[in-house]
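To start, the structure under review is shown below, and the notes come after it.
In the working numbering, the protein residues as written are 3 to 114.
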């Protein structure tokens, strides 16, 4: 049975290698298209909103990318989740010590 799964894995690896020949260049083309498209989108949005409304100067492609990077730094740099989730929480006791109780005191049921 183990030989069956090994042969299936080898077959999958061959298929993935065969598709890698055209997937890698496709990924590069998509990345370049995304880079160019996002820069042009920000440049266009600046032109159609701020230039027409407030009469500010239009920006270039590289200035548009500077704005994208600046907004990432300002608005996403220090984002922390507001609630703590993770594996460590699942192991906590259901009725753990609260700050009001002394360590070692029994925890009383709140419903009674």
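Backbone N, C-alpha and C fix where the C-beta goes; we use that ideal spot for every residue, glycine too.
Note that the structure is a prediction, hence the values are computed from the model and not measured.
(request) Pick out whichever of 20, 68, 51 has its Cα sitting closest to the Cα of residue 40. (result) Measuring from the Cα of residue 40, the nearest candidate turns out to be 68.
(request) Helix, strand or coil for residue 117, going by three-state DSSP, please let me know. (result) Here the chain comprises residues numbered 3 to 114, so residue 117 is not present and cannot be evaluated.
(message) Could you compute how far the alpha carbon of residue 32 sits from the alpha carbon of residue 23?
(response) So the alpha carbons of these two residues sit roughly 15 Å apart.
(request) Compute the Euclidean distance between the alpha carbons of residue 53 and residue 73, then round it to the nearest angstrom. (result) Straight-line spacing of the CA atoms in residue 53 and residue 73 works out to 19 Å.
(request) Starting from the C-beta of residue 56, find all residues in its chain whose C-beta is less than 8 Å away, skip the five residues before and the five after it, and write them out in chain order. (result) Same-chain partners within the cutoff: there are none.
(request) Apply the 10 Å Cβ neighbour rule to residue 66 and answer buried if 16 or more other Cβ atoms are within range, or exposed otherwise. (result) By the beta-carbon neighbour count (other beta carbons within 10 angstroms, threshold 16), residue 66 is buried.
(request) Establish whether the CB of residue 32 and some CB of chain B are separated by less than 8 Å. (result) Note that chain B does not occur in the displayed structure, where there is just one protein chain.
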